[in-house]
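Engineer:
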Amino acid sequence: REIVTYGQLRNITIVPEIEMPGHSQAALAAYPEYGCTGKTPKVLTYWGVTDTIFCPYEKTFTFLEDILSEVMTLFPSEFIHIGGDEAPKKHWEQSAFCQNLIKKENLKDEHELQSYFIRRIDKFLTANGRRLIGWDEILEGGLAPGASVMSWRGEEGGIAAANAGHDVVLTPGFVMYFDHYQGDPKKEPLAIGGFSDLKKVFQYNPMPDSIKEDKKHHVIGVQANVWTEYMKSFEHVEYMVNPRILALSEIAWVNPDRKDWKNFAKRLPHNLM
Ligand code: ACM
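For the sequence shown, the residue numbers in this note's numbering are 876 to 1148.
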């Protein structure tokens, strides 16, 4: 509540992300009855992607809708982010319940089962006057009618979603991941990898040419991500964010034909003091 109010006072809306159906190992360590395996997974002590996943039982939807209801009372944002990324389907492939549900709902495969999962959550959020947004994996198996997409594995997901009439936020990993290196790795603090320096961020055009002219209004924003696995202190986070966030603001708010690197570079030092 404190953070939401802090943001509101500065015209900033905080959008919460409640991850599903994957990236849910902590939840399933506490509530293993909503998983597929009948086993209790451990809370992860390392980062990354695991096979642990919510099982699409009715009771799981009740559980998740309870959580989302509580989230909606805390966060007034129109958008609620439901994750949707990096959800390996192994447990669904091995689950008799999931295989039966696939048949019963006339779904083709586990990707369509993920789509079924997200559609149900989309319906719930829409009925509550909110909008669902998720990472571009929610395109797999068909996009839920009300869904908006954050395109992170490149621009393709965002382009496909916008051309299909869905709102999108572009945050492609090849440039908009501020956990990536911004200089020579030999001279920089250890980072996850990649490379995206100030100029590369500045040069990014968040309006891909292959979005049709009459669909361009579906690009509702550009975003940078700062995953903090490699950042032990707030000072390090600031080091990764600044000054790249200034280039992000520039490409989000300045008309592309007025974008000017020299002019930006001249203004930059005033922001570094
Ligand atoms: C992501 O980086 N998994 C969205």
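Here a beta-carbon is modelled for each residue, glycine too, at the ideal position from N, C-alpha and C.
If you're wondering where the values come from, they're calculated on a predicted model, not measured in any experiment.
Verify the CB distance criterion: does Ser1026 have a CB-CB separation below 8 Å to chain B?
Structural biologist: The chain inventory of the structure shown lacks chain B, comprising one protein chain alone.
Engineer: Closer than 7 Å: is that where the CB of Trp1010 sits relative to any heavy atom of the ligand ACM?
Structural biologist: Yes, the beta carbon of Trp1010 sits closer than 7 Å to at least one heavy atom of the ligand ACM.
Engineer: For Gly910, which residues of its own chain have a beta-carbon under 6 Å away from its beta-carbon, when the five flanking residues on both sides are left out?
Structural biologist: Correct list, in chain order: Leu903, Cys930.
Engineer: Kindly provide the ranges of any alpha helix (DSSP H) runs that are 4 or more residues long and lie completely inside the segment 1066-1111, ordered along the chain.
Structural biologist: Those alpha helix (DSSP H) runs which fall completely within the segment 1066-1111 and span 4+ residues are 1073-1078.
Engineer: Around the Cβ of Gly1009, are there at least 16 other Cβ atoms within 10 angstroms (buried) or fewer (exposed)?
Structural biologist: Gly1009 should be labelled buried.
Engineer: Between the C-alpha atoms of Ile1034 and Pro1131, what's the straight-line distance to the nearest angstrom?
Structural biologist: Going from the Cα of Ile1034 to the Cα of Pro1131 covers about 19 Å.
Engineer: Mapping DSSP to helix, strand and coil, what is Ser952?
Structural biologist: DSSP places Ser952 in coil when its eight states are reduced to three.
Engineer: Using DSSP bridges, identify the partner residues of Leu1007.
Structural biologist: Beta-bridge pairing links Leu1007 to Ile955.
Engineer: Using 8 Å as the threshold, is the C-beta distance between Ile889 and Phe950 below it?
Structural biologist: Against a cut-off of 8 Å, the Cβ pair of Phe950 and Ile889 comes out as a contact.
Engineer: Please confirm whether any heavy atom of the ligand ACM lies closer than 7 Å to the CB of Trp1136.
Structural biologist: Incorrect: Trp1136 has no Cβ contact closer than 7 Å to the ligand ACM.
Engineer: If we call anything under 8 Å between Cβ atoms a contact, is Glu968 one with Glu987?
Structural biologist: Cβ distance not < 8 Å, so Glu968 and Glu987 don't count as in contact.
Engineer: Within 8 Å, do at least three Cβ pairs link the segment 1030-1047 to the segment 1060-1075?
Structural biologist: Segments in contact, no.
Engineer: Which whole-angstrom value describes the C-beta separation of Ile1013 and Leu943, a residue pair presumed to lie in contact below a C-beta threshold of 8 Å?
Structural biologist: That belief does not hold up - the Cβ atoms of Ile1013 and Leu943 are roughly 16 Å apart, past 8 Å.
Engineer: With DSSP run on the structure shown, which of helix, strand or coil describes Val1044?
Structural biologist: Residue state, collapsed to three classes: strand.
Engineer: Using a Cβ-Cβ cutoff of less than 6 Å, which residues in the same chain neighbour Asn1146 once the five nearest sequence positions on both sides are dropped?
Structural biologist: Taken in chain order, the residues that qualify are Leu1121.
Engineer: From Met1051, Ala1002, Lys914, Pro907, pick the residue whose C-alpha is nearest to that of Thr935; which is it?
Structural biologist: Nearest C-alpha to Thr935: Pro907.
Engineer: Find the nearest neighbour of Glu1159 within the set Cys973, Ser1108, Pro1083, Lys1075, judged by alpha-carbon distance.
Structural biologist: In the structure as shown, the chain starts at 876 and stops at 1148, and residue 1159 therefore has no counterpart that could be examined.
Engineer: Could you spell out where the beta strand (DSSP E) holding Glu892 opens and where it closes?
Structural biologist: 892-895 is the extent of the beta strand (DSSP E) around Glu892.
Engineer: For the alpha helix (DSSP H) containing Val879, list its first residue and its last residue.
Structural biologist: Taken as a continuous stretch (DSSP letters only), the alpha helix (DSSP H) holding Val879 covers 877-883.
Engineer: Which residue or residues does DSSP assign as beta-bridge partners of Gly910?
Structural biologist: Gly910 is bridged to Phe929.
Engineer: Taking Cβ positions, are Trp1136 and Lys1074 nearer each other than 8 Å?
Structural biologist: Their beta carbons are under 8 Å apart, which means Trp1136 touches Lys1074 by this criterion.
Engineer: Is the closest heavy atom of the ligand PLP to the C-beta of Asn1100 under 7 Å?
Structural biologist: Here the bound small molecules are the ligand ACM; the ligand PLP is not part of this structure.
Engineer: Cutting at 8 Å between CB atoms, please list the residues of its own chain near Arg1142, excluding the five before and the five after it.
Structural biologist: Cβ neighbours of Arg1142 beyond the five flanking positions: none.
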